[in-house]
Amino acid sequence: MTTGSLRRRALAASALVLTGALALSACGDSNDSGDSGSAASNTSVDSKLAAMVPAAIKSDGKLSIGTDASYPPNESVDPASQKIVGWDVDLFNAVAAKLGLKTQYSNAGFDTIIPGVQSGKYEAGVSSFTDTKEREGAVDFVTYYSAGTTWAVLKGNPKGVNPDDACGKSIGVQQGTVQVDDLAARSKKCTDAGKPAIKSVVRKQQTEVNNDLVAGKVDGMAADSPIVGDAVKKTGGKLEIIGQTYDTAPYGYAIGKNSGQLKEAVQGALKALIADGTYKKILTDAGVESGAITDPKINGAQS
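Listed below in structure tokens is the structure:
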């Protein structure tokens, strides 16, 4: 496996091709979040950046956003309010506020979001997407965070899971993620060496993967570093991280190729939030500051 060859939530090339059924299959609810969170409400508008926002978006003062809200602490549904929340949401709310805009989030299947941005159904995709060269062929990205793959097991690692030799183990991963491909590559190494294959237990939502591990239905799980860290923290010591984080790569906001200067406006807003300390505060409050970046890039995928 080549370093950097695997990326968070990788989509097959066919999933990037805009087809009617796929593009329009995003599921479920939407909520307005433009006024939620102190970071957004306290963010002042930058008139120069706001002037770069396309007229079609300015007309209603709102950004329509696709997100898969099953990935805490980045994006999830608050059970009390049923609103989409998370540090990823808080940060993009602050970006939008800097541009003089509110936000409207739609909870969608992960692999429908980029086609939805392509079709114009969404004006942005905010869902912990890793910026990859493949995806840059479909949409533009503005990078805002750095994450890698991390493994977790039950406390004490009772099944003796080793990420570098997980042959014969059952490992939970979320559907459509880079970890699915990662396990496939690792399993092939096992079978090529005459060892048992890794049993990949693929679930639609990351929260289901977490629950499987806590219940002992799988031997371990693999997911993005902030997601695993949050799961360990929230399960009251039932889980622990094993091994080292690997294949670190940038998250990016997905923006349509025909969106004028929107990506430059978003990049400028991020730079302003980094400069004034808002960016650091949002990440620190969520406990994910280890993935902070200092220089947001447009289409900054690693080669």
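The sequence shown lines up with residues -26 to -1, 1 to 277 when you count with mature numbering (1 follows the signal peptide of the UniProt record, and there is no 0).
We treat Cβ as the ideally placed atom computed from N, Cα and C, and that holds for glycine.
Note that this is a predicted model, so its numbers are computed, not measured.
query, result
"The region 42 to 61 touching the region 200 to 209, judged by at least three CB pairs closer than 8 Å", "yes"
"Where residue 77 sits in the DSSP three-state scheme", "strand"
"Top-ranked residue by Cα proximity to residue 121, from 98, 24, 210, 225", "225"
"Reduced DSSP secondary structure (H/G/I, E/B, other) of residue 8", "Bear in mind that a pLDDT of 46 at residue 8, under 50, signals an unreliable position, so the number given afterwards is only what the model happens to contain. Correct three-state label for residue 8: coil."
"Three or more C-beta pairs below 8 Å linking the region 248 to 263 and the region 214 to 234", "no"
"For residue 98: DSSP bridge partner residues", "39"
"Outcome for residue 190 when other beta-carbon atoms lying within 10 angstroms are tallied against a minimum of 16", "exposed"
"Rounded C-alpha distance that separates residue -9 from residue 95", "Residue placement at residue -9 is poorly supported in this model, since its pLDDT is 37, which falls under 50; the coordinates still yield a value, given next. Straight-line Cα distance between these residues: approximately 12 Å."
"Segment contact flag, the region 14 to 32 with the region 233 to 240, C-beta cutoff 8 Å, min 3 pairs", "yes"
"Start-end ranges of the beta strand (DSSP E) lying completely within the region 157 to 229, minimum 3 residues", "173 to 177, 194 to 198, 213 to 229"
"Three-state secondary structure (DSSP) of residue -14", "Note that residue -14 scores a pLDDT of 33, beneath 50, so its modelled location is shaky; the value from the coordinates is reported in the next line. In this structure, residue -14 counts as helix in the three-state DSSP scheme."
"Cβ pair residue 73, residue 275 closer than 9 Å", "no"
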